[in-house]
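Visitor:
Residue numbers (my numbering): 16 to 112.
#1: Is the CB-CB distance between residue 70 and residue 103 below 7 angstroms?
#2: Measure how close the beta-carbons of residue 62 and residue 111 come, nearest whole angstrom, since I'm counting them as under 8 angstroms.
#3: Here's a check: name, in chain order, each residue in its chain whose Cβ is nearer than 7 angstroms to the Cβ of residue 106, leaving out the five neighbours to either side.
#4: If you draw a straight line from the C-alpha of residue 80 to the C-alpha of residue 86, how long is it?
#5: Using DSSP with H/G/I as helix, E/B as strand and the rest coil, what is residue 102?
#6: Exposed or buried, residue 91, counting other C-beta atoms within 10 Å across all chains shown (16 or more means buried)?
Written as structure tokens, this is what we have:
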């Protein structure tokens, strides 16, 4: 195998590994927001939404800037800001339909 091909394979593996934690953390949201962020009923669907908007919303829950009418403020406090960004990116990458 050529060095260029090996380097390309390595970059693809690194990209997949970097993406995996966000998807894994996002899976914990399925109980309320549904599989792949497609909720039913009163809880909002979050798949396909803008990543930056989702991230800001998660930070607002974490920092107590949104009403604590849900369990979101507790969930968000369990993640570092970078982890929240990756969760937001994982949901943004999902199809909204």
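C-beta: ideal position from N, C-alpha, C; glycine also.
Guide: In brief:
#1: For the purposes of this step, residue 70 is identified with residue 55 of the chain shown, where counting begins at 1. For the purposes of this step, residue 103 is identified with residue 88 of the chain shown, where counting begins at 1. Yes; because the gap between Cβ atoms is below 7 angstroms, this pair is in contact.
#2: On the chain shown, residue 62 is found 47 positions in, with the first residue counted as 1. On the chain shown, residue 111 is found 96 positions in, with the first residue counted as 1. Residue 62 to residue 111, Cβ: 6 angstroms. Contact.
#3: As a working note, residue 106 is residue 91 in the chain shown. Once the five neighbours on either side are set aside, the close Cβ partners of residue 106 are 41, 52, 61, 62, 64, 69.
#4: Here the question's residue 80 lines up with position 65 in the chain shown. Here the question's residue 86 lines up with position 71 in the chain shown. A straight line joining the alpha-carbon of residue 80 with that of residue 86 spans about 14 angstroms.
#5: For the purposes of this step, residue 102 is taken as the residue at position 87 of the chain shown. DSSP places residue 102 in helix when its eight states are reduced to three.
#6: By one-based count along the chain shown, residue 91 stands at place 76. By the beta-carbon neighbour count (other beta carbons within 10 angstroms, threshold 16), residue 91 is buried.
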